[in-house]
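First the structure, in the form of structure tokens, and then the observations on it.
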Amino acid sequence: RVFGKWRFLTYQCLVIQFVAFSLCLTSHFVPKLRRLKDYFFTSIAFPVGMTVVTSFWGIWFIAGRENIFPDTMEAFYPPWLNHVTHTIIAPINLAELVFVRHSYLSDRKAYMPLLGYIFSYTSFLLYIRFQTGRFVYPFLNKMDAIPVGAYIVGLVVYTVFIYKSGKYIHNLIHGVKSLKGACMGKQPKKLSDQSMNKPETPTFATVFVSAQVACLRIKKRAQECQNQEVPKLFWRLKMEAIPMQTNSLQ
Numbered sequence: 199r200v201f202g203k204w205r206f207l208t209y210q211c212l213v214i215q216f217v218a219f220s221l222c223l224t225s226h227f228v229p230k231l232r233r234l235k236d237y238f239f240t241s242i243a244f245p246v247g248m249t250v251v252t253s254f255w256g257i258w259f260i261a262g263r264e265n266i267f268p269d270t271m272e273a274f275y276p277p278w279l280n281h282v283t284h285t286i287i288a289p290i291n292l293a294e295l296v297f298v299r300h301s302y303l304s305d306r307k308a309y310m311p312l313l314g315y316i317f318s319y320t321s322f323l324l325y326i327r328f329q330t331g332r333f334v335y336p337f338l339n340k341m342d343a344i345p346v347g348a349y350i351v352g353l354v355v356y357t358v359f360i361y362k363s364g365k366y367i368h369n370l371i372h373g374v375k376s377l378k379g380a381c382m383g384k385q386p387k388k389l390s391d392q393s394m395n396k397p398e399t400p401t402f403a404t405v406f407v408s409a410q411v412a413c414l415r416i417k418k419r420a421q422e423c424q425n426q427e428v429p430k431l432f433w434r435l436k437m438e439a440i441p442m443q444t445n446s447l448q
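Going by the numbering used here, the sequence shown opens with residue 199, and the numbers climb by one from there.
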């Protein structure tokens, strides 16, 4: 068969997930790989993995399993293996997105590898179609050219939507200040001198620490006043009060 297992998006997705989580593990020991790990996971691994899972089960329940995974395949592709390749990828990617903070780059930089991979795989499918006369996936063979084109365009839009949704959820959980700007891929604006001088909204931790520091300063100032400044101030006020008393007597 042409290109063997590499013609299936599921197999390519497994390789992508292996590379992504290998980078996640290696980056703990090699910090220089963290930027590459974040870039690869956010722009390739997460959107492709979630697209594979949701599109597979969507076709299964909407068009029927015979159009995506016939009964005859269970003889050499058991159900547990089907769930390993088409189900467990989604919760693992969601857990990585929710519990680990990643650095999202601008949408333009993320779209380049994502759209490049989608277009390359689409070209790969069309090449196999022209070479063999059939698509890799049975349900595409039942469609005409226009529905196939509409399905491919819709899948591209859906994959981009998965990327944007993942970025939104990540920024929402991990507390990005400008959520709308982060989701739209906008870079934060440069602060002017006046805006930089404006005080930030204090949190509970900053208020608590500031109160402790203020208490220590007041206590230290009170001790200094007791030792030095209070006697001086007392005698100064007393000397100023003497002329006032003499004037009143006159």
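Every residue gets a Cβ at the ideal spot worked out from N, C-alpha and C, and that includes glycine. All values derive from a computational prediction rather than experimental measurement.
Asked	Found
Quick check: what's the CA-CA separation for TYR302 versus TYR356?	19 Å
Rounding to the nearest angstrom, what Cα-Cα distance links LYS307 and LEU324 in this structure?	26 Å
Just how far apart, CA to CA, sit ALA348 and ARG232?	37 Å
Between the beta-carbon of THR283 and the beta-carbon of LEU212, is there less than 8 Å?	yes
Quick check on ILE371: buried or exposed, where buried means 16 or more other Cβ atoms within 10 Å of its Cβ?	exposed
Identify which residue in LEU279, ASP305, PHE244 has its Cα closest to the Cα of ALA293.	PHE244
Three or more beta-carbon pairs under 8 Å between the stretch 328-341 and the stretch 261-281, yes or no?	yes
As a quick exercise: from SER321, VAL346, ILE326, THR252, pick the residue whose alpha carbon is nearest that of THR208.	THR252
Please report the distance separating the alpha-carbon of THR224 from that of THR330.	41 Å
Please report the distance separating the alpha-carbon of ASN280 from that of ILE290.	16 Å
Between ILE242 and TYR315, is the Cβ-Cβ spacing less than 8 Å?	yes
Would you kindly work out how many angstroms separate the C-alpha atoms of PHE206 and PHE239, rounded to a whole number?	20 Å
How many angstroms separate the CA atom of ARG332 from the CA atom of TYR366?	38 Å
So LEU295 and HIS226 are in contact, right, with Cβ under 8 Å, and what is the actual spacing, rounded?	Not a contact, Cβ separation roughly 18 Å.
For the alpha helix (DSSP H) holding PHE238, just list the boundary residues, first then last.	232-238
For GLN392, which residues of its own chain have a beta-carbon under 8 Å away from its beta-carbon, when the five flanking residues on both sides are left out?	Bear in mind that the predicted position of GLN392 carries a pLDDT of just 42, short of 50, making it too unreliable to give a figure here.
Could you tell me whether the Cβ atoms of VAL334 and ILE326 are closer together than 8 Å?	yes
Ordered along the chain, which non-local residues of its own chain (more than five positions away) have a Cβ less than 8 Å from that of VAL250?	LEU207, THR208, CYS211, HIS284, ILE287
Mapping the DSSP letters down to three states, classify PHE317 as helix, strand or coil.	helix
With a 10 Å radius around its C-beta and 16 neighbouring C-beta atoms as the bar for buried, classify ASN395 as buried or exposed.	Any answer about ASN395 is weak, because its pLDDT of 41 lies below 50 and its placement is not dependable; what the coordinates show is given next. Under this definition ASN395 is an exposed residue.
Identify which residue in TYR275, PHE322, ILE214, PRO229 has its Cα closest to the Cα of PHE201.	PHE322
Identify, in the order they occur along the chain, each residue of the same chain with its Cβ nearer than 7 Å to the Cβ of ALA403, setting aside the five sequence neighbours on each side.	In this prediction, ALA403 scores a pLDDT of 36, lower than 50, which makes its location untrustworthy; the coordinate-derived value is nonetheless stated afterwards. Nothing listed; no residue qualifies.
Just to confirm the assignment, what range does the alpha helix (DSSP H) spanning TRP255 have?	244-260
Closest to PHE359 by CA distance: which of GLY373, MET248, PHE216 is it?	MET248
Pull up the distance between the alpha-carbon of ARG299 and that of PRO229, whole angstroms please.	14 Å
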